[in-house]
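Counting with the numbering used here, you get residues 797 to 1307 for the letters of the first sequence.
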Amino acid sequence: MNEDVFKNLVSHCKEYGFIFQSSEIYDGLSAVYDYAQNGTLLKNNIRQYWWQSMVQLHENIVGIDAAIFMHPTTWKASGHVDAFSDPLIDNKDSKKRYRADVLIEEHVAKIEAKIEKEVEKAAKRFENFDEKMFRSTNARVLEYQKQTEAINTRFKTALNDNNLAEVKQIIIDCEITCPISGSRNWTDVRQFNLMFDTKLGSVSDDSSTIYLRPETAQGIFVNFLNVQKTGRMKIPFGIAQTGKAFRNEIVARQFIFRMREFEQMEMQFFIRPGTQKQWYEHWKQARMKWHNALGIDEKKKRFHDHIKLAHYADAACDIEFEFPFGFKELEGIHSRTDFDLRNHEQYSGKKLQYFDPELNQSYIPYVIETSIGLDRMFLALMSAAYKEEKLEDGSERTVLALPPALAPIKAAVFPLVKKDGLPEIAEKIMNELKFEYHVTYDEKDTVGKRYRRQDAIGTPYCITIDHDTLNDQCVTIRDRDTMKQERVAIDKLHSIITEKVSLKNILKKAI
RNA sequence: GCGGAAGUAGCUCAAUUGGUAGAGCUCCAGCCUUCCAAGCUGGAGGUUGCGGGUUCGAGACCCGUCUUCCGCUCCA
C-alpha cells in the first residue's frame, strides 16, 4: 500500500463515520481523534476479542479497571517522573536531538580523560612517579580539574533552579559541538515532560499535582496484592486491563498511530523468579497466535527483538505490523523482572510478595508484560481491510474486508423496492435479528448502491427482500467478499449469519 | 521542536497574469420499481482553515497563526 492509498484510507475513515479529528470545528486539536459511529463499534469489538481471549478463556487471568488518577508516588516508583522529563536540545544543522545533561556530562568526561592522559604520560616519563603529588601539583591537571569542578557546580545549580537558559549557556561556554554536524548551532534547551499533570483538590499547590497515567500497567502493579489475595490467585497468574493512557508526545503523527490520548490493552503475568525465559517465550508465541487468528496475511506481521534493553527488562520484543507507512510497533512483550513490584515495595513500605507453598518461601514475583495499542490495532485492521477493487465489468468498488466478527455492522436488510409490502417484511426481519447483533436497514437508492455502501463499512452480509419473498418466505443473502448471492429461507438467516460473525470461531484459533 | 509539502461544499478536485467561487460524487424531496454505485426533475450545502497586510480589486501575492502529511527521535 502506498502513500496515496493511506491518504484515501484516512479520508475513508472520516467519510464513512469511523474516525473524526477532535474538535474539528475549532480547527482540530493536534494528535487527538474521536471515534465515530462505526469506529466505536469496531473498536469495541477489538477490545472484546482481546478481553475474552485473555480473561474469559484463561482461568488464571482476571481483569481490573484501575483509575486514571493515581497517587503521585506511583510515578516516582515506576521511574516515569525522572525518565520522562529530560532537558533536550537540538542541533540546527544536523537536526539531531540530544539530552542537554548528557552533552554536558560527556564534555566533562572528555576533560577527565585528558587528566588521565597527562598522568599516564608523566608516569612514563618519571621514575619514582608520585601520582598523588603529580595530581595535586601539575599545572595542567589542576587547570583541567578546575574546569570540571566549575562546570559541574554551574550545571548542578542550573538544574536545581530549573534554569534551562543557563544549561544552554553552559553548552555554549564549553564550546560543545554536535558530533554529526560539528557545529555549535543549538536551539534553546527545552524541558519535555511526557506526563500530563493536573491539580487534585481546589487548592492548587505543588503537593497536589497528580498525573494522567502514561501507561495502564502501574494500576495493575499497585493492585497486585489486592487481586492476589481477594481472588485467591496462585502463581503463575495474570491481571488484564484496558484503558486510556496519556503522553505529551513531542512529535505525534501518522493519524491515530501516535496520539496524545490513546488506549492500551495490557496484561501483566506474575511468575516465579527464574521461569521468566520460558514464560516470555510462551507469551510471545501466544500473542502472535492471537493476531494470526484474525486471518490477516501473516507476512504483514513480524517480531522485532530489542537488542538494547530498558534498565528494568531482561528480554523484550515487539510485534510489528506492516502499516501503509512501513513496519511499525503494534504490541510489546517485555520481561520486566521484579523491577516494578520491587520499587513499589520500596516506596510504599508495603511488602509486595507472594508465598509460594511449593518452595515454602516468599518472593517478589517476576513479570511478563504484553501490551498492545488498541488504536494501533484498529489502524492495522483498517489498513489490512481497505481495498480498492477493480471488478471484471470494469467498475470499481471500495470494500473493507474486516474479519466478520469484528465488523461494526453484521448485516444490512433491504427491501428490493420500497412498496408492495416489502419494507414491512424487511423491518420485521431486522427487528428479529437486532437482538442478536448489530444490523441496519436501508431502502434508499438502487439495491446495487446499497450493497456498495455496506461494502464500504465492511458489513459481511446484505439481505434483500423481493416479490418472491411474499410467496416462498425466502430472501437473497449476499456475501461482502465474493459478492455472491444465495437464496435462503428467512428462518435460516440467524444460523447462517451467526456461523460467520461469531467471535467463537476466532477465539478457538486464538488460544 | 527543525526542515519540506499542503489546506476551496460532507468527499475528490477546478477557477487563465490578481477581475462575479464552479463541477462530479454524496446528501435531501419527488418520479421510476430496477439484484451490484451509471435513468429523470427539483433542492440544500461556502466568511476559500483563521487573523492581518499589499491592491481600485485577493481563493491566488506577503506576514503571522492553526491543522494535516513526509523526514529526524521515542514509544503502545
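Glycine is no exception: its CB is placed at the ideal position from the N, C-alpha and C atoms.
Would you call residue i buried or exposed, if buried means 16 or more other Cβ atoms sit within 10 Å of its Cβ?
{"i": "F925", "result": "exposed"}
{"i": "H1107", "result": "exposed"}
{"i": "L1105", "result": "exposed"}
{"i": "V898", "result": "exposed"}
{"i": "K803", "result": "exposed"}
{"i": "K1304", "result": "exposed"}
{"i": "G1217", "result": "exposed"}
{"i": "K936", "result": "According to the sequence as given, residue 936 is Arg; it is not Lys. The residue in question, R936, is exposed, as its Cβ has fewer than 16 Cβ neighbours within 10 Å."}
{"i": "D1189", "result": "exposed"}
{"i": "H1087", "result": "buried"}
{"i": "M929", "result": "exposed"}
{"i": "A954", "result": "buried"}
{"i": "I1317", "result": "Absent from the structure is residue 1317, since the part of the chain shown begins at 797 and ends at 1307."}
{"i": "D1134", "result": "buried"}
{"i": "T994", "result": "exposed"}
{"i": "A1112", "result": "buried"}
{"i": "F922", "result": "exposed"}
{"i": "G835", "result": "buried"}
{"i": "F1231", "result": "exposed"}
{"i": "D878", "result": "exposed"}
{"i": "F1278", "result": "Reading off the sequence shown, one finds Thr at residue 1278, where the question assumed Phe. The residue is exposed, with fewer than 16 neighbouring Cβ atoms inside 10 Å."}
{"i": "H808", "result": "buried"}
Three-state secondary structure (DSSP) at residue i?
{"i": "E1011", "result": "coil"}
{"i": "Q1269", "result": "coil"}
{"i": "P1211", "result": "strand"}
{"i": "F1065", "result": "strand"}
{"i": "A1197", "result": "coil"}
{"i": "C1258", "result": "strand"}
{"i": "G1169", "result": "strand"}
{"i": "T953", "result": "helix"}
{"i": "E1282", "result": "strand"}
{"i": "K920", "result": "helix"}
{"i": "E1184", "result": "strand"}
{"i": "M797", "result": "Unreliable positioning characterises M797 in this predicted model, as indicated by a pLDDT of 45, which lies under 50. The coordinate reading is nonetheless provided below. M797: coil per DSSP, three-state reduction."}
{"i": "T933", "result": "helix"}
{"i": "I1006", "result": "strand"}
{"i": "H1290", "result": "helix"}
{"i": "R1246", "result": "helix"}
{"i": "V806", "result": "helix"}
{"i": "N989", "result": "strand"}
Residue j and residue i - do their beta-carbons sit closer together than 8 Å?
{"i": "Q1014", "j": "T870", "result": "yes"}
{"i": "A1207", "j": "E1045", "result": "no"}
{"i": "I1168", "j": "E1127", "result": "yes"}
{"i": "E1154", "j": "H1130", "result": "no"}
{"i": "F1067", "j": "P1032", "result": "Before going further, note that residue 1067 is Ile rather than Phe in the sequence given. Yes, the Cβ-Cβ distance between I1067 and P1032 is below 8 Å."}
{"i": "N1139", "j": "A873", "result": "yes"}
{"i": "V904", "j": "N959", "result": "no"}
{"i": "Q1037", "j": "Y1150", "result": "no"}
{"i": "L853", "j": "I1307", "result": "yes"}
{"i": "I1261", "j": "L1198", "result": "no"}
{"i": "I966", "j": "I907", "result": "no"}
{"i": "K1296", "j": "A1180", "result": "no"}
{"i": "E1192", "j": "F1210", "result": "no"}
{"i": "N934", "j": "E914", "result": "yes"}
{"i": "H1290", "j": "L837", "result": "no"}
{"i": "L1196", "j": "A1252", "result": "yes"}
{"i": "I1286", "j": "Q1269", "result": "yes"}
{"i": "G1034", "j": "F992", "result": "no"}
{"i": "K1040", "j": "E1062", "result": "no"}
{"i": "Y1182", "j": "P1069", "result": "no"}
{"i": "P883", "j": "V806", "result": "no"}
{"i": "L1021", "j": "I864", "result": "no"}
{"i": "E927", "j": "A919", "result": "yes"}
{"i": "I842", "j": "M850", "result": "no"}
{"i": "K964", "j": "I885", "result": "yes"}
Given 8 Å, three or more beta-carbon pairs between the segment 1194-1205 and the segment 1250-1257: yes
Ranges of the beta strand (DSSP E) found wholly within the segment 1014-1053, counting only runs of at least 3: 1033-1042
Segment contact, 8 Å Cβ cut-off, at least three pairs: the segment 1174-1193 with the segment 1049-1058: yes
Within the segment 1084-1162, ranges of the beta strand (DSSP E) (whole runs, at least 3 residues): 1097-1101, 1111-1119, 1122-1133, 1150-1152, 1157-1159
The segment 816-833 contacting the segment 1085-1103, beta-carbon criterion three pairs below 8 Å: no
Inside the segment 819-879 only - alpha helix (DSSP H) runs reaching at least 4 residues: 833-847, 869-873, 876-879
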